[in-house]
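Under our numbering, think of the first position of the sequence shown as 175, with each following residue one higher.
Each remark here refers to the structure printed beneath this line.
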Amino acid sequence: MNRKIIASALAALTTASALGTASAAAAQSRGPHRAEPPRAQAPARPAPPRIQPPRAQPPAPVRAQTPPAYGRWQQAQRRYAATRYTPPRGYQARQWSYGQRLPAQYRTRTYVVNNYAGYGLRAPPRGYQYVRTGNDVVLTAVATGLITAVIAGLFN
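In structure tokens form, the structure reads like this:
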């Protein structure tokens, strides 16, 4: 029994010395740094928001100024001198309005205004034409005669 105790004590002593050597080697410093005990860290403050300077916007492209589209009815800005107006045979001068249909007799060469730029009018959209009716000009669809705009008092 004495031998068992001596053998176990010797084994324990060998194991303890091996562990002590390893822990001593681990405790040694590995360079010029001093080992300091860990400090309690203060709670981190949120970083202040980064303020970025406003970005320079590229200049807007320069577009040609186009006159506004004609409304359903508007008064002419200027009056122009024109030849005497005579309505088609069987018709008399009257006031036309948006949405009405202009009879085919008004859509002949006699009443169509081809020199629209000379009277300060915009070019009509494709499929439309200006027609003189009395002192007014109406913008009508070529095929149906449907009135889409009335420019009142364009002619004297």
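A virtual CB, placed ideally from N, CA and C, is assigned to each residue, including glycine.
Beta strand (DSSP E) segment containing residue i, residue limits
i, result
"R306", "302-307"
7 Å Cβ cutoff, residue i in contact with chain C
i, result
"Q226", "In the structure shown, chain C cannot be found, because there is only a single protein chain."
Residue of the options minimising C-alpha distance to residue i
i, options, result
"T257", "P298, R300, Y302, V287", "V287"
"P262", "A297, A317, R177, A278", "A278"
"A323", "Q249, S182, R281", "Q249"
"V316", "P220, G308, R300, I179", "R300"
"T252", "N289, L295, R281", "The question names Thr, but residue 252 is Arg in the sequence shown. For R252, the nearest C-alpha among the options comes from L295."
"R246", "R177, W270, Q226", "W270"
Proximity of residue i and residue j at Cβ, strictly below 7 Å
i, j, result
"Y344", "I321", "Residue 344 lies beyond the range of the chain shown here (175 to 330); nothing can be said about it."
"Y254", "Y293", "yes"
"V305", "T318", "no"
"R328", "V311", "Note on identity: in this sequence residue 328 is Leu, with Arg being the wrong assignment. Cβ distance < 7 Å, so L328 and V311 count as in contact."
"Y265", "G308", "no"
In DSSP terms, what residue i is bridged to
i, result
"V312", "V305, V324"
"Y254", "F329"
"Q249", "A326"
"R224", "DSSP output for R224 lists no bridge partner at all."
"R275", "L320"
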